[in-house]
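In my numbering, the protein residues as written are 13 to 82. A virtual CB, placed ideally from N, CA and C, is assigned to each residue, including glycine. I have placed the structure first, in the form of structure tokens, so that the comments after it can refer back to it.
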């Protein structure tokens with residue numbers, strides 16, 4: 013994975029943490045609790061400011077959501 017230069021737009025910090033979140037959409041996916049919306053999160057380690065970037069939400073994650081919802 014390529015390392016990129018990071019600079020927080022709020023505090024100008026240079027340290028960050030990355031992560032991923034999944035959320036439900038609207039309509040039928042919300043009713044069935046399918047978490048088909050996927051985002052990469054980049055958070056400033058100094059102030060906590062977080063930016064979200066939309067990622068492809070398809071694939072095995074949706075199948076696992078269907079199988080694990082009770």
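Since residue i and residue j should fall inside the 8 Å C-beta cutoff, what is the C-beta to C-beta distance between them, to a whole number of angstroms?
i	j	result
residue 67	residue 53	Wrong, their Cβ atoms sit about 10 Å apart, outside the cutoff.
residue 34	residue 49	7 Å
Under a Cβ-count criterion, where at least 16 other Cβ atoms within 10 Å of its own Cβ denotes burial, should residue i be classed as buried or exposed?
i	result
residue 23	exposed
Select from the options the residue whose C-alpha is nearest the C-alpha of residue i.
i	options	result
residue 61	16, 17, 26	26
residue 28	65, 50, 19	19
residue 30	55, 36, 21	55
So, with DSSP's three-state summary, where would you put residue i?
i	result
residue 55	strand
residue 24	coil
residue 61	coil
On the DSSP bridge assignment, give the partners of residue i in chain order.
i	result
residue 31	53
residue 36	Its beta-bridge partners do not exist; DSSP assigns none.
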